[in-house]
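Let me begin by presenting the structure, written as structure tokens, before commenting on it.
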Amino acid sequence: GEDVEQSPFLSVREGDSSVINCTYTDSSSTYLYWYKQEPGAGLQLLTYIFSNMDMKQDQRLTVLLNKKDKHLSLRIADTQTGDSAIYFCAEKRDDKIIFGKGTRLHILP
Amino acid sequence: ETGVTQTPRHLVMGMTNKKSLKCEQHLGHNAMYWYKQSAKKPLELMFVYNFKEQTENNSVPSRFSPECPNSSHLFLHLHTLQPEDSALYLCASSQGRGTSGVHEQFFGPGTRLTVL
Numbered sequence: 005g006e007d008v009e010q011s012p013f014l015s016v017r018e019g020d021s022s023v024i025n026c027t028y029t030d031s032s033s034t035y036l037y038w039y040k041q042e043p044g045a046g047l048q049l050l051t052y053i054f055s056n057m058d059m060k061q062d063q064r065l066t067v068l069l070n071k072k073d074k075h076l077s078l079r080i081a082d083t084q085t086g087d088s089a090i091y092f093c094a095e096k097r098d099d100k101i102i103f104g105k106g107t108r109l110h111i112l113p
Numbered sequence: 022e023t024g025v026t027q028t029p030r031h032l033v034m035g036m037t038n039k040k041s042l043k044c045e046q047h048l049g050h051n052a053m054y055w056y057k058q059s060a061k062k063p064l065e066l067m068f069v070y071n072f073k074e075q076t077e078n079n080s081v082p083s084r085f086s087p088e089c090p091n092s093s094h095l096f097l098h099l100h101t102l103q104p105e106d107s108a109l110y111l112c113a114s115s116q117g118r119g120t121s122g123v124h125e126q127f128f129g130p131g132t133r134l135t136v137l
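Quick mapping for you: the protein sequence lines, in order, are chains A and B. Residues in the first sequence are numbered consecutively from 5, following our numbering. Residues in the second sequence are numbered consecutively from 22, following our numbering.
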């Protein structure tokens, strides 16, 4: 299909790891992104991965890329209440950024 | 002010009104974008400007009219809107149009528009 697909919701207990999954569409996409949108705010780039990598780690964030399956995931270790937000997967297709519908991450106490 | 600012933050308008949304970026970028964010839909790119020139119009109805007087300011003029146009309208900017490199886009907080 044409869309970047994500599950709409994810609930995780505080302190656990969150894993947000995404499938994208274009095997020639050069960059894959995770953007975060907190309530009342615009999207903010959280992290990105270049298509020739399969993993990128940045503090509590780990991005995994499976190019064969066109699957991208974002793992947030030790999830905190401040991680509560909508997470958007996106791919760079030519000069455009194509966004998914977002996954709303809810943190349980 | 830093980053990307948008005004107003909330707007309620009738279908016969004319209003404008304003976006300003303080990042020295040369590309600016309007996006529409609706519930349960992907973020929709509406317009792209690069160095004040419109480079993309994604089949947006003519009741939405963009204006980019300079690289720092972007407007979206609204007239005779429909209730289905109610959404969060996000402005973004980037350094370059994104033909190479990471192409990070910086977003404003959005204008929540309600059309009655």
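All C-beta atoms, glycine included, are put in the ideal place defined by N, C-alpha and C.
Closer than 8 Å to chain B by CB, residue i
{"i": "aspartate 7 of chain A", "result": "yes"}
{"i": "leucine 49 of chain A", "result": "yes"}
{"i": "isoleucine 101 of chain A", "result": "yes"}
{"i": "tyrosine 52 of chain A", "result": "yes"}
{"i": "lysine 60 of chain A", "result": "no"}
Backbone CA spacing between residue i and residue j [nearest angstrom]
{"i": "asparagine 91 of chain B", "j": "glutamate 74 of chain B", "result": "9 Å"}
{"i": "serine 80 of chain B", "j": "methionine 67 of chain B", "result": "8 Å"}
{"i": "cysteine 115 of chain A", "j": "arginine 79 of chain A", "result": "The requested residue 115 of chain A does not occur in the structure, where chain A is confined to residues 5 to 113."}
{"i": "glutamine 10 of chain A", "j": "histidine 31 of chain B", "result": "28 Å"}
{"i": "glutamate 95 of chain A", "j": "leucine 47 of chain A", "result": "15 Å"}
{"i": "isoleucine 24 of chain A", "j": "methionine 53 of chain B", "result": "29 Å"}
{"i": "threonine 85 of chain A", "j": "cysteine 112 of chain B", "result": "27 Å"}
{"i": "proline 12 of chain A", "j": "leucine 69 of chain A", "result": "20 Å"}
{"i": "glutamine 116 of chain B", "j": "leucine 97 of chain B", "result": "21 Å"}
{"i": "glutamine 126 of chain B", "j": "serine 114 of chain B", "result": "6 Å"}
{"i": "serine 22 of chain A", "j": "lysine 39 of chain B", "result": "44 Å"}
Within chain A, partners of residue i - CB distance below 9 Å
{"i": "proline 130 of chain B", "result": "Gly44, Ala45 and Gly46"}
The ligand FMN heavy atom lying under 7 Å from the CB of residue i
{"i": "cysteine 89 of chain B", "result": "With respect to the ligand FMN, the structure offers nothing, as it holds no ligand at all."}
9 Å Cβ cut-off: residues of chain B touching residue i
{"i": "glycine 104 of chain A", "result": "Pro63 and Leu64"}
Proximity test, Cβ basis, 8 Å: residue i and chain A
{"i": "histidine 124 of chain B", "result": "yes"}
{"i": "leucine 111 of chain B", "result": "yes"}
{"i": "glycine 49 of chain B", "result": "no"}
Interface residues of chain B facing residue i [CB-CB closer than 8 Å]
{"i": "tyrosine 35 of chain A", "result": "Val123 and His124"}
Within chain A, the residues that residue i reaches when beta carbons sit closer than 7 Å
{"i": "leucine 42 of chain B", "result": "Within chain A, no residue comes near leucine 42 of chain B; the closest Cβ sits about 13 Å away, beyond 7 Å."}
Extent of the continuous beta strand (DSSP E) to which residue i belongs
{"i": "histidine 31 of chain B", "result": "31 to 34"}
{"i": "leucine 65 of chain A", "result": "65 to 70"}
{"i": "methionine 57 of chain A", "result": "From DSSP, methionine 57 of chain A is part of no beta strand (DSSP E); its letter is neither H nor E."}
{"i": "serine 22 of chain A", "result": "22 to 27"}
{"i": "threonine 76 of chain B", "result": "74 to 78"}
Residues that residue i contacts on chain B, provided the C-beta gap is smaller than 7 Å
{"i": "tyrosine 91 of chain A", "result": "In chain order: nothing, as chain B lies at least about 13 Å away."}
Beta-ladder partner(s) of residue i, from DSSP
{"i": "threonine 23 of chain B", "result": "Paired residues: none, contrary to the question."}
{"i": "glycine 126 of chain B", "result": "Checking the sequence, you will find glutamine at residue 126 of chain B rather than glycine. The partner list for glutamine 126 of chain B (beta bridge, DSSP) is empty, contrary to what the question assumes."}
{"i": "asparagine 38 of chain B", "result": "The partner list for asparagine 38 of chain B (beta bridge, DSSP) is empty, contrary to what the question assumes."}
{"i": "histidine 98 of chain B", "result": "B:Ser41 and B:Ser86"}
{"i": "leucine 137 of chain B", "result": "DSSP, once it has assigned bridges, lists no residue as partnering leucine 137 of chain B."}
Residue i: contacting residues in chain A (beta-carbon distance under 8 Å)
{"i": "glycine 119 of chain B", "result": "Lys96, Asp99, Lys100 and Ile101"}
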